[in-house]
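Reminder that position 252 of the sequence shown reads as 331 in the working numbering, one-by-one numbering, no gaps.
Glycine included, each C-beta is placed from N, C-alpha and C at the ideal position.
A quick note: this is a predicted structure, and the numbers were derived from the prediction, not measured.
Working notes for the structure below.
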Amino acid sequence: MAGITPTLSVPERRRFLSPPEESRGALRAACTLAALALLVTGCRPSTPAIHTFSTIHMDTVVEVTLVDADTTRARTLADEVFAIFAQVEAEMSRYQRSSAVSTLNDRAGQAAWTPISPGLEAVLRESLRIAELSNGAFDPTLAEVNRLWAFDEGGRLPEPAALAAAVSHADWRRLQVDSGRARLTGAGCGLDLGGIAKGYAVDSGADLLVSRGVTGAIVNAGGDMRLIGHRPDGDPWHIGVQHPRDPDGLLEVIRATDCAVVSSGDYERYFIVDRVRYHHIIDPHSGLPAAGCQGVTVVAERAMTADGLATAAFVLGPEAGLDLLRRAGARDALIVDAGGTVHRLAEAAAGATTSGDKATP
Ligand code: AMP
Ligand code: MG
Numbered sequence: 080m081a082g083i084t085p086t087l088s089v090p091e092r093r094r095f096l097s098p099p100e101e102s103r104g105a106l107r108a109a110c111t112l113a114a115l116a117l118l119v120t121g122c123r124p125s126t127p128a129i130h131t132f133s134t135i136h137m138d139t140v141v142e143v144t145l146v147d148a149d150t151t152r153a154r155t156l157a158d159e160v161f162a163i164f165a166q167v168e169a170e171m172s173r174y175q176r177s178s179a180v181s182t183l184n185d186r187a188g189q190a191a192w193t194p195i196s197p198g199l200e201a202v203l204r205e206s207l208r209i210a211e212l213s214n215g216a217f218d219p220t221l222a223e224v225n226r227l228w229a230f231d232e233g234g235r236l237p238e239p240a241a242l243a244a245a246v247s248h249a250d251w252r253r254l255q256v257d258s259g260r261a262r263l264t265g266a267g268c269g270l271d272l273g274g275i276a277k278g279y280a281v282d283s284g285a286d287l288l289v290s291r292g293v294t295g296a297i298v299n300a301g302g303d304m305r306l307i308g309h310r311p312d313g314d315p316w317h318i319g320v321q322h323p324r325d326p327d328g329l330l331e332v333i334r335a336t337d338c339a340v341v342s343s344g345d346y347e348r349y350f351i352v353d354r355v356r357y358h359h360i361i362d363p364h365s366g367l368p369a370a371g372c373q374g375v376t377v378v379a380e381r382a383m384t385a386d387g388l389a390t391a392a393f394v395l396g397p398e399a400g401l402d403l404l405r406r407a408g409a410r411d412a413l414i415v416d417a418g419g420t421v422h423r424l425a426e427a428a429a430g431a432t433t434s435g436d437k438a439t440p
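What follows is the structure, given as structure tokens:
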């Protein structure tokens with residue numbers, strides 16, 4: 080299996096990438112090696128080639144892997160997917176002053192509604208659905224809490240009183256969504272869609288490729304993936320799930336077609352103070368990094384759903400997390416708890432198109 084199958088690591092995004100189009104310094108060496116592995120294993124004389132393109136959007140490496148005989152066509156399709164990511168980022172990033180999300184945040188607490196696109200409406204509605212299903216473990220209104228932790232700048236310990244105030248302002252029930260418009264009903268409440276918007280962008284890119292007749296592809300935004308069709312040899316895609324505490328080790332290899340595979344982990348953005356790891360997935364009730372898991376990987380039909388569910392399950396911990404994933408109809412899932420024990424959504428996997436192999440070293 081391993082000899083002929085490209086295996087993409089899910090969470091350790093930067094280790095398994097093709098060469099970026101632009102110069103990315105240290106990323107380049109690792110990316111080049113991985114691309115070689117992909118191409119060497121993926122190309123057979125009688126089958127269409129696998130092409131891989133990558134760039135950076137949403138502060139994440141976005142990679143498009145395409146099965147196509149025509150390199151130019153593959154490049155054009157990848158560029159179309161990247162354009163979608165740029166568009167989603169421009170609309171949904173809380174860091175971009177001109178984004179619709181920033182407008183909504185600026186108007187928090189005011190009665191006025193803000194017009195939103197169908198795409199943003201879909202993301203907000205799915206956010207609210209998962210917030211409700213998870214009893215608030217997923218909360219799209221943590222902007223102020225996340226700003227205090229500043230993981231985007233390397234992270235810092237927030238001042239306790241400021242954190243408590245920010246936690247008291249965040250509440251998904253203060254987000255109101257109506258047809259074509261939305262508003263936040265509490266001052267100090269702000270949208271941060273970092274736990275779900277990437278999944279939406281992945282779905283949008285994958286849907287575009289399907290509509291163009293692509294029969295084999297992976298859209299991967301930092302480990303949030305949609306798998307389309309098959310590899311050139313007719314095999315399903317093989318996705319390696321990284322071990323949360325071993326950047327070089329795989330927990331499992333998932334074989335799947337036509338689904339989303341999305342991971343959340345405490346190894347993605349974190350800093351350590353006095354041997355305590357502070358990471359970017361926040362328990363909305365305390366404002367502190369959630370303590371129950373090291374990593375969660377969810378297999379579902381759509382990446383947006385899998386993205387929100389993975390974050391929510393991480394916050395809930397293994398037992399309540401698996402219960403949520405079962406209720407939400409996830410196809411499969413792996414949860415690594417805080418002690419390193421792996422929990423699997425075995426029952427819910429029945430009937431899914433995925434199958435997992437224990438990775439052999
Ligand atoms: P992910 O990697 O998909 O788990 O998303 C993590 C990102 O989601 C963080 O960087 C924050 O932007 C945001 N986030 C953190 N905690 C939560 C939460 N409890 N609910 C929703 N979004 C969150
Ligand atoms: Mg997520």
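Between the beta-carbon of residue i and the beta-carbon of residue j, is there less than 7 Å?
i, j, result
"T390", "F164", "no"
"L263", "R252", "no"
"A382", "R305", "yes"
"V224", "G366", "yes"
"A335", "A379", "no"
"M171", "L272", "yes"
"A187", "C268", "yes"
"V146", "P311", "yes"
"V298", "V415", "no"
"D402", "V341", "no"
"L424", "D411", "yes"
"A300", "I307", "no"
"F393", "A370", "no"
On a Cα-Cα basis, can you pick out the residue from the options that is closest to residue i?
i, options, result
"Q255", "G198, L183, S290", "L183"
"S206", "C372, V320, G419, K277", "K277"
"F350", "R186, H136, L236", "L236"
"S258", "I129, W192, D314", "W192"
"R154", "L388, V293, A300", "V293"
"A244", "H364, I414, P326", "H364"
"E347", "R152, D353, N214, H359", "H359"
"H130", "R152, L227, D138", "R152"
"D138", "D337, S196, G198, D231", "D231"
"E331", "H422, A392, F161, D337", "H422"
Can you give me the C-alpha to C-alpha distance between residue i and residue j, rounded to a whole angstrom?
i, j, result
"A339", "P239", "38 Å"
"I333", "Q175", "36 Å"
"R94", "V140", "The pLDDT assigned to R94 is 26, lower than 50, so where the model puts this residue is not dependable; a value taken from the coordinates is nonetheless given after this. The straight-line gap from Cα to Cα measures roughly 11 Å."
"V320", "Q189", "44 Å"
"E100", "A266", "Bear in mind that a pLDDT of 32 at E100, under 50, signals an unreliable position, so the number given afterwards is only what the model happens to contain. Distance between the alpha carbons of E100 and A266: 42 Å."
"T111", "F132", "Unreliable placement is indicated for T111, whose pLDDT of 30 sits below 50; the coordinate value is still reported in the next sentence. Cα to Cα, the separation comes out at about 11 Å."
"G328", "H322", "5 Å"
"G344", "Q373", "6 Å"
"G430", "S283", "Bear in mind that the predicted position of G430 carries a pLDDT of just 42, short of 50, making it unreliable; the figure below should be weighed with that in mind. Approximately 26 Å, taken between the alpha carbons."
"G418", "A241", "31 Å"
"L203", "E398", "26 Å"
"A261", "I275", "17 Å"
"G400", "L221", "20 Å"
"A114", "I361", "Note that A114 scores 31 on pLDDT, short of 50, meaning its location in the model is unreliable; the coordinates nonetheless yield the value given after this. Going by the C-alpha atoms only, they are around 34 Å apart."
"V289", "D149", "16 Å"
"L388", "H309", "25 Å"
"I135", "L270", "22 Å"
"L413", "H248", "32 Å"
"A280", "V167", "6 Å"
"D386", "I209", "10 Å"
"V246", "I318", "37 Å"
"E211", "P127", "45 Å"
"R356", "V377", "23 Å"
"A109", "P194", "Since pLDDT at A109 reaches only 33, below the 50 mark, its modelled position is unreliable, and the value read off the structure follows with that caveat. Each residue's Cα considered, the two are about 43 Å apart."
"A105", "D185", "Caution applies to A105, whose pLDDT of 32 falls short of 50 and renders its modelled position unreliable; the model cannot decide the point."
"G234", "G313", "44 Å"
"A285", "R405", "25 Å"
"R324", "T420", "12 Å"
"R173", "W316", "34 Å"
"R123", "E159", "Any reading at R123 must be qualified, since the residue scores a pLDDT of 46, below 50, and its modelled position is unreliable; no value is offered."
Kindly examine the ligand AMP and report whether one of its heavy atoms sits closer than 6 Å to the Cβ of residue i.
i, result
"P368", "no"
"V289", "no"
"P363", "yes"
"F217", "yes"
"E214", "The question names Glu, but residue 214 in the sequence shown is Asn. Incorrect: N214 has no Cβ contact closer than 6 Å to the ligand AMP."
"D271", "yes"
"V394", "yes"
"N225", "yes"
Is residue i near the ligand PLP, judged by its Cβ being under 6 Å from some heavy atom?
i, result
"H359", "In the structure shown, the ligand PLP is absent; the only ligands present are the ligand AMP and the ligand MG."
So is residue i in contact with chain B if we call contact Cβ pairs under 7 Å?
i, result
"N299", "This model lacks chain B altogether, as it is built from one protein chain only."
> Relative to the ligand MG, what is the chain-ordered list of residues with a Cβ closer than 6 Å to any of its non-hydrogen atoms?
Replying inline: Having a Cβ closer than 6 Å to some heavy atom of the ligand MG are G274, I275, S343, D386, G387, A389, T390.
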